[in-house]
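Protein chains in written order, with this note's numbering: chain R, 1 to 272; chain U, 273 to 544; chain V, 545 to 816. Don't be surprised by glycine CBs; every beta carbon is placed ideally from N, CA and C.
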Amino acid sequence: VSVITLLTDFGTADGYVGAVKGVLLAAAPRATLVDITHDIPPQDIAAGAFALRTAASFFPEGTVHVAVVDPGVGSARRGIAARAGGHFLVGPDNGIFSYLFEADPGAAVVRLADRTRFRDPVSHTFHGRDVFAPVAAALANGVALEDLGPPIDDPVRLPPLIAEPAPDGTVRSRVVHVDRYGNLVTGIAHADLSTADPAAFVTEVGGRRIRRHLGTYAESGTDEPFTIWGSSGLLEVSVSGGSAARSLAAVRGTAVSLTPVSSSTSGAGPAA
Amino acid sequence: VSVITLLTDFGTADGYVGAVKGVLLAAAPRATLVDITHDIPPQDIAAGAFALRTAASFFPEGTVHVAVVDPGVGSARRGIAARAGGHFLVGPDNGIFSYLFEADPGAAVVRLADRTRFRDPVSHTFHGRDVFAPVAAALANGVALEDLGPPIDDPVRLPPLIAEPAPDGTVRSRVVHVDRYGNLVTGIAHADLSTADPAAFVTEVGGRRIRRHLGTYAESGTDEPFTIWGSSGLLEVSVSGGSAARSLAAVRGTAVSLTPVSSSTSGAGPAA
Amino acid sequence: VSVITLLTDFGTADGYVGAVKGVLLAAAPRATLVDITHDIPPQDIAAGAFALRTAASFFPEGTVHVAVVDPGVGSARRGIAARAGGHFLVGPDNGIFSYLFEADPGAAVVRLADRTRFRDPVSHTFHGRDVFAPVAAALANGVALEDLGPPIDDPVRLPPLIAEPAPDGTVRSRVVHVDRYGNLVTGIAHADLSTADPAAFVTEVGGRRIRRHLGTYAESGTDEPFTIWGSSGLLEVSVSGGSAARSLAAVRGTAVSLTPVSSSTSGAGPAA
Chain R
1 VSVITLLTDF GTADGYVGAV KGVLLAAAPR ATLVDITHDI PPQDIAAGAF
51 ALRTAASFFP EGTVHVAVVD PGVGSARRGI AARAGGHFLV GPDNGIFSYL
101 FEADPGAAVV RLADRTRFRD PVSHTFHGRD VFAPVAAALA NGVALEDLGP
151 PIDDPVRLPP LIAEPAPDGT VRSRVVHVDR YGNLVTGIAH ADLSTADPAA
201 FVTEVGGRRI RRHLGTYAES GTDEPFTIWG SSGLLEVSVS GGSAARSLAA
251 VRGTAVSLTP VSSSTSGAGP AA
Chain U
273 VSVITLLTDF GTADGYVGAV KGVLLAAAPR ATLVDITHDI PPQDIAAGAF
323 ALRTAASFFP EGTVHVAVVD PGVGSARRGI AARAGGHFLV GPDNGIFSYL
373 FEADPGAAVV RLADRTRFRD PVSHTFHGRD VFAPVAAALA NGVALEDLGP
423 PIDDPVRLPP LIAEPAPDGT VRSRVVHVDR YGNLVTGIAH ADLSTADPAA
473 FVTEVGGRRI RRHLGTYAES GTDEPFTIWG SSGLLEVSVS GGSAARSLAA
523 VRGTAVSLTP VSSSTSGAGP AA
Chain V
545 VSVITLLTDF GTADGYVGAV KGVLLAAAPR ATLVDITHDI PPQDIAAGAF
595 ALRTAASFFP EGTVHVAVVD PGVGSARRGI AARAGGHFLV GPDNGIFSYL
645 FEADPGAAVV RLADRTRFRD PVSHTFHGRD VFAPVAAALA NGVALEDLGP
695 PIDDPVRLPP LIAEPAPDGT VRSRVVHVDR YGNLVTGIAH ADLSTADPAA
745 FVTEVGGRRI RRHLGTYAES GTDEPFTIWG SSGLLEVSVS GGSAARSLAA
795 VRGTAVSLTP VSSSTSGAGP AA
């Protein structure tokens, strides 16, 4: 039994996802289809890449992840398939798999060149249905990655998600995702910190200081924002029972910094 | 083939549901995964409990229902699994299974105590992925409920959904759910009424009287509100081709009463 | 393995879809369930019919498509099942299958008359669960279409989607769908045009002229609207990286016309 996951910006109202699933099941009738999400904002490649980072690694070995956020459909942008982290990846070469490639330096990538694998004709506007679905079905059916096209070593990459600490220990990052609960996910990973304890740092989000670091939401007791290690290993800013995004007027891209306590005593940002 | 259903307040845009499904399929590759809904309003346990009541009982014997609306994640709140109505239930002990327990007085409940069943490590913010998914997969794979932890007899319960009639025959309830069509579902069940015919009663919703009781939407003919027995055995207030919620400015929690016609002749509420 | 698809206007928040899936899996445990969409606007039969047209034909032979947009539930409107395009169709007789019937003049249709196939009792408000789901499961299990009820030859039909050209070559149509990206899908099909090249025509949408016809989104280079052949074989009006619906203030139903260039030189509409 093969698993094929789908992540798109198609939304769920138009029937486009249904068309893709029809093509998949016609070619790979025994595959288990799983929706990761179809609610990526239209053409927001970075949001799609982040959702893949959240979900993809938990699937069983051999899962085929199809990701279609594809503003360049019909242009010269390449289609690719890859093997990374024990999974197969299929989609446009626009950076959507960046964070999965980051996690597996040994990823193998090919350019989709064997047009006999595609639907015929291929539309100019819907490669999810006409190119990526049939290729994903082929992988689910056991076709070798190498049979899909020639290897490439330069897939498009987004800027790294994870911030590097500066020599003085400060970490400058940004809000990389705002989730449904208003949690602000930052590009600050556990491994970034010279100590794993953010209480040794002062966190600033959009110029406001966060003075508490908690282990669980339940410890909060107030509606003051706090930092917490999130479930994906990234530092998050949260408000218990509320929305940190609203409380702090923060959005994706808002600057976040961590400064070691010893060097931040002269800071003068307003307290959150 | 085991069926595992999912009901959460995760929304569909963040990849969290995908992570849960990945964990489920990695551990129970032959399970059939079914989404009941992920659109429960954030942390709205009562809404989750009601959606479970709407859907859960129709699934085949042995189905595993995973429900994660979990504002207390990471706190001392218990995780539980249960057998009720021929199904297995897995989730936080916060009342989300209340209406399924109401329907089966013989339900067996255990506290999730065997940490070897969980992912390792368990995050403090995402037990849907780290605790409830692996436990649900274990149940789908045939692990016995009793192997998951010690029995408990005091799972958290929400207030009863169904209103009891007063000695004079009046039933005081409330709107327990507003559905997509603006139908107002009340906590008044068929069995509550000394007669099954609401035409023998006067219905008031938020102080406005509903004077018609119909058997089908199609009988309405006007945009006046009416009562109708809904598909879950609860009395509903509807407007044909419109929204009773909007027409009556009613929300979840709005008071509803049924008064026997004989005792209501002196009522003076404005007619709806 | 049988595939059963679902298309409804139930939304995803109420548990209604879950109830339908429970009934399906209880009766057809090995079926593969696929959501086409549950986000059809409430009671919008034409939108449901269009989404089915977008998705249904891609599924494997023998797929059972269940479509429930059913404002007449409980009235005398018929329930039907059909065989069309190598698939089975189950739902209310209100036109929702119109475009699938258009595509297969040999479609066979029966009225659902064998009440032993339904759940007992049948509610007056939820035939998706009580009538259409058990009938769909029966078809997935191999029950013959003819065993479900007597044949009918007059299923309800919506007006044709596809516009016919006038004798002078002009095609008058309308926006038949606005998709998530703001693309305006028209009822103008490839076969409608005396030549397949819309550049030989002047397109007007809501009185504004579209002067460009492109092969791909990527050729646009500006935020000016253009026409393009969409993935369903219908002419679309698009704005690259934006929304044609917003740019042109167009909605479903907005008039669209194509006039051959030779006969349009005296036109005086404002340029788009």
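Helix, strand or coil at residue i [DSSP, three-state]
i, result
"S642 (chain V)", "helix"
"P695 (chain V)", "strand"
"P678 (chain V)", "helix"
"R673 (chain V)", "helix"
"R349 (chain U)", "coil"
"I589 (chain V)", "helix"
"L305 (chain U)", "strand"
"P704 (chain V)", "coil"
"S264 (chain R)", "In this predicted model, S264 (chain R) has a pLDDT of only 45, less than 50, meaning its place in the structure is not dependable; the value taken from the coordinates is given anyway. If DSSP states are grouped into helix, strand and coil, S264 (chain R) belongs with coil."
"S57 (chain R)", "helix"
"L728 (chain V)", "strand"
"A339 (chain U)", "strand"
"H310 (chain U)", "coil"
"L656 (chain V)", "coil"
"V143 (chain R)", "coil"
"T284 (chain U)", "coil"
"R391 (chain U)", "coil"
"L6 (chain R)", "strand"
Contacting residues, own chain, Cβ-Cβ under 8 Å from residue i (five flanking each side not counted)
i, result
"D495 (chain U)", "V511, S512, G513, G514 and S519"
"Y725 (chain V)", "S782 and S787"
"V407 (chain U)", "G351, A353, V362, L384, R389, F390 and L420"
Listed by chain order, chain R residues near residue i by CB distance under 8 Å
i, result
"D286 (chain U)", "T37, A51, T54, H177, D179 and R180"
"P314 (chain U)", "R180 and Y181"
"G785 (chain V)", "Q43 and P71"
Listed by chain order, chain R residues near residue i by CB distance under 9 Å
i, result
"T280 (chain U)", "Near T280 (chain U) there are no residues of chain R at all, since even the closest Cβ is about 10 Å away, more than 9 Å."
"L305 (chain U)", "T32 and V34"
"T549 (chain V)", "G18, K21 and G22"
Residues of its chain near residue i, where Cβ-Cβ distance is below 7 Å and the 5 sequence neighbours each way are ignored
i, result
"T254 (chain R)", "R174, V175, V205 and G206"
"R349 (chain U)", "P364, D365 and N366"
"L214 (chain R)", "S220, F226 and I228"
"A385 (chain U)", "G421 and P422"
"G618 (chain V)", "H668 and T669"
"A591 (chain V)", "I584 and P585"
Neighbourhood of residue i by C-beta distance below 6 Å, restricted to the same chain and skipping five residues each side
i, result
"S810 (chain V)", "Residue confidence is low: S810 (chain V) scores 43 on pLDDT, short of 50, so the model does not pin down where it sits. Its coordinate-derived value is still stated next. So the list is empty, once near-sequence residues are dropped."
"L361 (chain U)", "H337, A354 and F369"
"Y761 (chain V)", "S784"
"T5 (chain R)", "V34, I36 and H65"
"T442 (chain U)", "T531"
"N685 (chain V)", "A572"
"L411 (chain U)", "V336 and F360"
"V109 (chain R)", "I80, A82, I152 and P155"
"A681 (chain V)", "L568, A571 and A572"
Per-residue contacts from residue i into chain V (C-beta, under 7 Å)
i, result
"S123 (chain R)", "S775"
"G72 (chain R)", "A762"
"I500 (chain U)", "T669"
"G11 (chain R)", "R724"
Identified DSSP bridge partners for residue i
i, result
"E748 (chain V)", "V:R753 and V:S801"
"H668 (chain V)", "Beta-bridge pairing links H668 (chain V) to no other residue."
"P213 (chain U)", "Because residue 213 (chain U) is not part of the residues shown, which for chain U are 273 to 544, the question remains open."
"G635 (chain V)", "V:I624"
"L25 (chain R)", "DSSP lists no partner for L25 (chain R)."
"G175 (chain R)", "The residue asked about is misnamed: residue 175 (chain R) is Val in this sequence, not Gly. Paired residue(s): R:T186."
Residue i: contacting residues in chain U (beta-carbon distance under 9 Å)
i, result
"P60 (chain R)", "G294, L297, A298, A299 and P301"
"R673 (chain V)", "F330 and S503"
Interface partners of residue i on chain U, CB under 8 Å
i, result
"S546 (chain V)", "Here the premise fails: no neighbours, minimum Cβ distance about 13 Å."
Under 9 Å from the C-beta of residue i: neighbouring residues of chain V
i, result
"G487 (chain U)", "G618 and H668"
query: What are the start and end residues of each continuous beta strand (DSSP E) run of 3 or more residues lying completely inside the stretch 755-803 of chain V, in chain order?
result: Listed in chain order, the beta strand (DSSP E) elements of length 3 or more contained wholly in the stretch 755-803 of chain V are 770-773 and 778-782.
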